[in-house]
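Residue numbers (the numbering used here): 1 to 208.
Where is the CB? At the ideal position from N, CA and C, for every residue including glycine.
All values derive from a computational prediction rather than experimental measurement.
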């Protein structure tokens, strides 16, 4: 039982509590069947999110799987090259199957977490802009990705994606997750859930 986080959700609204939006972090040891955690999942209306480029604008730029062979040829990459292999990817994200109006509540892991074995991971975060723009960065070795099924106390059902960083010894000690989890850099693996509008890319050929 993760008493620290559960208490935070029960006392939601007090001056002593942490900002509820910071409740996305957890420890690797928390990933077990029956574990209960207070988690903040922002409810975002997809219609209010930035739009992708209009079709006529997007069509002017060859950037789709249908144009893959033309793109490989354009850059002089053979179909068997590492660059061609790198285009075979799959995207993971958090999905809300059942939702209530409560953004911050206790969630219980109701299925055994499933590790997504990935040799490489790229994480993409939404950026404030009139249309859809993502800031993406690669995660080097020492990370684990999980699919986690969460059942909320108000009936919410979330198929979440969690990312765990195994080595934080070189991280900024002022990072908010160290304060939330009450750990120090390098002391233990730290994890966080991925919001529904963020994306995790992994190689499609890796077993998932």
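For residue 118, there is no enclosing alpha helix (DSSP H), as DSSP marks it with neither H nor E.
Here residue 96 is not near residue 163, since their CB atoms are 8 Å or more apart.
Secondary structure at residue 82: helix, using DSSP grouped into helix, strand and coil. Around the Cβ of residue 33, a 10 Å sphere holds fewer than 16 other Cβ atoms; the residue is exposed. Residue 138 is a Cβ neighbour of residue 120, given a cutoff of 8 Å. Put simply, of 202, 59, 115 the residue whose alpha carbon is nearest the alpha carbon of residue 148 is 115. Per the coordinates, the alpha-carbon of residue 77 lies some 7 Å from the alpha-carbon of residue 84. Around the beta carbon of residue 106, 16 or more other beta carbons lie within 10 angstroms, which makes this residue buried.
Separation of the CB atoms of residue 52 and residue 131 is rounded to 6 Å, and the pair is thereby assigned contact status at 8 Å. One Cα belongs to residue 146, the other to residue 66, and the distance between them is close to 30 Å.
Nearest in C-alpha terms to residue 202, of all of 55, 71, 190, 92, is 92. The three-state reading of DSSP puts residue 153 in coil, since its state is none of H, G, I, E or B. Residue range 176 to 181 is occupied by the alpha helix (DSSP H) that includes residue 180. Here residue 57 is exposed. Its C-beta has fewer than 16 other C-beta atoms within 10 Å.
Beta-bridge pairing by DSSP links residue 24 to no other residue. Where residue 76 is concerned, there is no enclosing beta strand (DSSP E), because DSSP gives it neither an H nor an E.
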